[in-house]
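Accompanying notes for the structure given below.
In the numbering used here, the protein residues as written are 3 to 188.
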């Protein structure tokens, strides 16, 4: 019985040593290093922003993606939340969007919940460092400050706010967590 315990302990020590060796750069397998490199290449560096533009449609904001590393972006889903007692969605204009394809059931307002629901994609990836997704116009219903926020951001694709690239044919969210609030109207 004592010999069995010694052999078992030796196997556990050897197993742990092998795991630790594989974690070090000198002992890492080429497959493991490739996975680390892919993860670094597709780290989250893309940012979401709003900026006010001159318009005849009341308060108009451009939904802008900042892509400083020029990642090849294939799609974006951006839902914005606002207080429907303070703002009313008037128009969502995607005519100048670099992403020419529309996601089904998106590109609309939900006035009851106070949401802008935008979903766009493209047949050819876009690597521009700044991309305008759409212009959204609001009517102000009250005086004072109003906030607009990114709605339901998740690190993966399970939320309602992401900017994506394709890795081996699969979408990967490369959007950094947006600031909160995303925009304050004064």
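Virtual Cβ for every residue (Gly too), placed ideally from N, Cα, C.
{"Check": "Expressed to the nearest angstrom, what Euclidean distance is found between the alpha-carbon atoms of residue 173 and residue 73?", "Outcome": "13 Å"}
{"Check": "Nearest-angstrom Cα distance between residue 49 and residue 64?", "Outcome": "14 Å"}
{"Check": "Output the distance between the C-alpha atoms of residue 137 and residue 55, rounded to the nearest integer angstrom.", "Outcome": "9 Å"}
{"Check": "My guess is that residue 180 and residue 155 are in contact by the Cβ rule of under 8 Å, so how many angstroms apart are they, rounded?", "Outcome": "6 Å"}
{"Check": "Classify residue 77 as buried or exposed, calling it buried when 16 or more other Cβ atoms lie within 10 Å of its own Cβ.", "Outcome": "buried"}
{"Check": "Identify which residue in 123, 116, 92 has its Cα closest to the Cα of residue 106.", "Outcome": "123"}
{"Check": "Are the beta-carbon atoms of residue 177 and residue 165 separated by less than 8 Å?", "Outcome": "yes"}
{"Check": "Do residue 110 and residue 92 come within 8 Å of each other at the CB atom, strictly closer than that value?", "Outcome": "no"}
{"Check": "Short check: CB of residue 82 to CB of residue 150, under 8 Å?", "Outcome": "yes"}
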